[in-house]
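Okay, so here's the structure we're looking at.
In the numbering used here, the protein residues as written are 12 to 71.
As structure tokens, this is what we get:
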């Protein structure tokens, strides 16, 4: 039966990923993912500057 990996399986997966990409590149990928998630959350929260300017212009 297929299921989620457990203890030793995660370690094997981690070793394979490090061998494929290298530790430096993994850090860059993680940073890019973090920036993307932050940007996505700001977009959902309505912190878009262009949207605020548009609503102010529509009021006039």
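Ideal Cβ positions, reconstructed from N, Cα and C, are used throughout, including at glycine.
What are the start and end residues of the alpha helix (DSSP H) that includes residue 16? No alpha helix (DSSP H) contains residue 16, which DSSP labels as neither H nor E.
Beta-carbon proximity check, residue 37 vs residue 29, cutoff 9 angstroms: yes
Keeping to the same chain, check which residues put their C-beta closer than 8 angstroms to that of residue 16; ignore five residues upstream and five downstream. 24
Hey, could you find the ends of the alpha helix (DSSP H) residue 42 is sitting in? 34-56
Express the C-alpha separation of residue 32 and residue 50 in angstroms, rounding to a whole number. 25 angstroms
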